[in-house]
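Asks: Supplied in structure tokens, the structure appears directly below.
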Amino acid sequence: MALFDNRRVDGIMADRGLSDLSEETKTHVEAILSELDSKKLLRDSDTANFTDRSNQEKIGFLRAIMEQNWILIAQNEKLLKVLNKGKTS
Numbered sequence: 037m038a039l040f041d042n043r044r045v046d047g048i049m050a051d052r053g054l055s056d057l058s059e060e061t062k063t064h065v066e067a068i069l070s071e072l073d074s075k076k077l078l079r080d081s082d083t084a085n086f087t088d089r090s091n092q093e094k095i096g097f098l099r100a101i102m103e104q105n106w107i108l109i110a111q112n113e114k115l116l117k118v119l120n121k122g123k124t125s
């Protein structure tokens, strides 16, 4: 269950190429986004206050890893669709 507006979830997912996820994967992604939002770790979250530079750098690295994970999720979803299409042919 998403903690924030579904339009925002859809927008975040579309920005990361995740618009065509299966319902099961979409549910997991929404849960991840809700958790990140609750911790103020989404990139567009301006309420996080990390005054220590080392903490800011850590959060920057974590956000980069998170963005990389969105790419991997999108690529995996495409691979699964291709593989499943081959099974039905």
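For the sequence shown, the working numbering assigns the number 37 to the initial residue and increments by one for each residue that follows.
The beta carbon of each residue, even a glycine, is placed where N, CA and C say it ideally should be.
For residue 50, count neighbouring C-beta atoms within 10 Å of its own C-beta (all shown protein chains included) and say buried if the count is 16 or more, exposed if not.
Replies: Position 14 of the sequence shown, counting from 1, holds the residue named residue 50. Exposed is the call here.
Asks: Looking only at its chain, what residues have a beta carbon closer than 7 Å to the beta carbon of residue 53, apart from the 5 residues adjacent to it on each side?
Replies: Working through the sequence shown from its first residue, we reach residue 53 at position 17. Closer than 7 Å at the Cβ level, and outside the excluded window around residue 53, lie 110.
Asks: Relative to the alpha-carbon of residue 106, which residue among 43, 119, 60, 69 has its alpha-carbon at the smallest distance?
Replies: Within the sequence shown, numbered from 1, the residue matching residue 106 stands at position 70. Of the candidates 43, 119, 60, 69, the one whose C-alpha sits nearest the C-alpha of residue 106 is 69.
Asks: Quick one: residues in its chain with C-beta nearer than 6 Å to the C-beta of residue 43, no 5 flanking neighbours on either side, listed in chain order?
Replies: In the sequence shown, counting from the first residue as 1, residue 43 sits at position 7. No residues qualify anywhere along the chain.
Asks: Please check the pair residue 77 and residue 95, which I expect to be a contact at CB under 8 Å, by giving their CB distance rounded to whole angstroms.
Replies: In the sequence shown, residue 77 corresponds to position 41, counting from 1. In the sequence shown, residue 95 corresponds to position 59, counting from 1. Contact flag correct, Cβ pair sits at about 7 Å.
Asks: Determine the DSSP secondary structure at residue 123, reduced to helix, strand or coil.
Replies: Locating residue 123 in the sequence shown gives position 87, counting from the first residue. Looking at residue 123 - three-state DSSP - the assignment turns out to be helix.
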